[in-house]
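*Asks:* For the sequence shown, the residue numbers in the UniProt record's numbering are 1 to 288. Beta carbons are placed, not taken as given, at the ideal position from N, Cα and C, and that holds for glycine. As the structure is a prediction and not an experimental result, all values here were calculated from the model.
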Amino acid sequence: KHRSLNKYHGSHPLRERARKLAQGILVIRFEMPFNIWCDGCKNHIGMGVRYNAEKKKVGNYYTTPIYRFRMKCHLCVNHIELQTDPAGCDYVIVSGARRKEERWDMAENQQVLPTEPEARERLASDAMFRLEHGAKDREYRERAAPGLAALQHFQSLWKDDFGINCRLRSHFRVSAAATSMDQYEPVWTSMNQCAPVWTTYEARQQQKRTEISSRPWFTGDPPRKPCGGGGVGGARTPPPTRSTLGIIRRGDPPPAGPRGGAGQGGGPQSPPTTSLVADYSDSSSDGS
């Protein structure tokens with residue numbers, strides 16, 4: 001019955017773009033064809049800026065329709081209107097802006113006009129047209145010859161081939177050196193990282209002389225370093241003896257007691273020591 005979802009929902013395929021289609025207006029995406037200044041905010045709008053524009057037909061040029069585009073400036077509330085110009089193959093500003101004039105006539109500026117495709121086809125097929133075209137080219141060459149000769153004369157007065165060649169060669173030298181440095185710098189970096197660094201002959205000879213002069217003149221035992229200097233406290237302890245260890249041999253005289261003659265002096269008395277050798281003369285088995 002409905003044949004499509006748009007008819008079933010009562011909507012248009014273009015949705016919001018066709019909301020004014022009953023008035024003959026279609027919303028499109030319009031791209032600014034040239035540079036303009038907005039009349040409302042006086043700001044510059046560059047070529048290529050895109051807008052949502054209302055497109056409608058306002059007339060015909062023969063059988064070609066003329067369309068008008070109305071859009072709002074993105075910097076103010078001003079509206080800009082442009083329309084097509086089929087006669088001039090261009091766009092014309094109707095209201096809301098003014099165009100930045102960048103058009104010129106190539107013939108007025110004495111520029112070389114390109115040959116149009118129709119003229120090229122006639123030059124290839126029509127001999128009479130080619131003859132007429134050649135006659136016009138010769139006339140133009142004769143008119144332009146005096147001006148070209150004057151330009152060449154003034155240019156020859158200031159021409160300096162030697163200076164130009166020197167500047168060009170110096171520029172090429174600098175650019176070639178920079179290019180070679182940039183080209184071989186990664187290779188040099190990798191070689192410096194992987195390969196050893198070779199010194200010169202003079203540097204090696206100087207290093208050998210320094211090593212020889214630092215050697216001792218007389219060979220012998222190397223000087224011994226003190227062993228106790230690296231311990232804790234930095235002082236070397238004397239070697240132990242029998243008296244410090246408390247060892248008493250059988251034939252040694254007994255040490256003086258706290259009341260003995262030798263121990264009666266005013267000096268400090270050492271504490272009694274315990275013998276590590278058993279004395280069998282005081283054994284209980286001898287008295288029995």
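Any idea which residues DSSP pairs Gly59 with across the strands?
*Replies:* Ile66.
*Asks:* May I have a chain-ordered list of the alpha helix (DSSP H) segments no shorter than 4 residues that lie completely inside the segment 107-173?
*Replies:* 117-125, 127-157
*Asks:* Quickly, what does DSSP pair His79 with across the bridge? List them, please.
*Replies:* Lys72
*Asks:* So, helix, strand or coil for Asp85, using DSSP?
*Replies:* strand
*Asks:* Excluding five sequence neighbours on each side, which residues of the same chain lie with their C-beta closer than 8 Å to the C-beta of Gln83?
*Replies:* Val58, Ile66, Tyr67, Arg68, Phe69, Tyr91, Val92, Val94
*Asks:* Nearest by alpha-carbon distance to Lys56: which of Phe30, Gln111, Gly48, Cys38 is it?
*Replies:* Phe30
*Asks:* What is the DSSP secondary structure of Asp90, reduced to helix, strand or coil?
*Replies:* When DSSP states are grouped into helix, strand and coil, Asp90 belongs to the strand group.
*Asks:* So, for Ala176: in the same chain, excluding its five sequence neighbours on each side, which residues have a beta-carbon less than 6 Å away from its beta-carbon?
*Replies:* none
*Asks:* If you run the structure through DSSP and keep just helix, strand and coil, what is Arg50?
*Replies:* strand
*Asks:* Going straight from the alpha carbon of Ala149 to that of Tyr62, what length do you get?
*Replies:* CA-to-CA, the gap between Ala149 and Tyr62 works out to about 49 Å.
*Asks:* Which residue comes first and which comes last in the beta strand (DSSP E) that contains Ala22?
*Replies:* Careful: Ala22 lies outside any beta strand (DSSP E) and carries neither H nor E.
*Asks:* Quickly, what does DSSP pair Cys38 with across the bridge? List them, please.
*Replies:* Ala97
*Asks:* Do Cys76 and Cys41 have their C-beta atoms within less than 7 Å of each other?
*Replies:* yes
*Asks:* Smallest Cα separation from Phe34: which of Met47, Leu26, Arg167?
*Replies:* Met47
*Asks:* Are there 16 or more other CB atoms within 10 angstroms of the CB of Ile36, so buried, or fewer, so exposed?
*Replies:* buried
*Asks:* Where does Arg215 fall in DSSP's three states?
*Replies:* coil
*Asks:* By Cβ distance below 8 Å, which residues in the same chain neighbour Glu102 in space, the five residues on each side in sequence not counted?
*Replies:* Phe34, Asn35
*Asks:* Where Asn43 and Ala22 are concerned, what is the direct C-alpha to C-alpha distance, given to the nearest angstrom?
*Replies:* 34 Å
*Asks:* Count the other C-beta atoms from every protein chain shown that fall within 10 angstroms of the C-beta of Glu54, then say buried if there are 16 or more, exposed otherwise.
*Replies:* buried
*Asks:* How is the alpha helix (DSSP H) around Ser11 delimited, first residue to last?
*Replies:* Element bounds for Ser11: n/a, residue is neither H nor E.
*Asks:* Take the Cβ of Ile164 as the centre, count every other Cβ of all protein chains shown within 10 Å, and call the residue buried at 16 or more, exposed below.
*Replies:* exposed
*Asks:* Tell me whether Glu202 sits in a helix, a strand or coil according to DSSP, three-state version.
*Replies:* helix
*Asks:* Given a threshold of 16 other Cβ atoms within 10 Å of its Cβ, counted over all protein chains shown, does Ile45 qualify as buried or as exposed?
*Replies:* It is buried - the Cβ of Ile45 has at least 16 other Cβ atoms within 10 Å.
*Asks:* My output table needs one value for Arg17: the three-state DSSP class, helix, strand or coil.
*Replies:* helix
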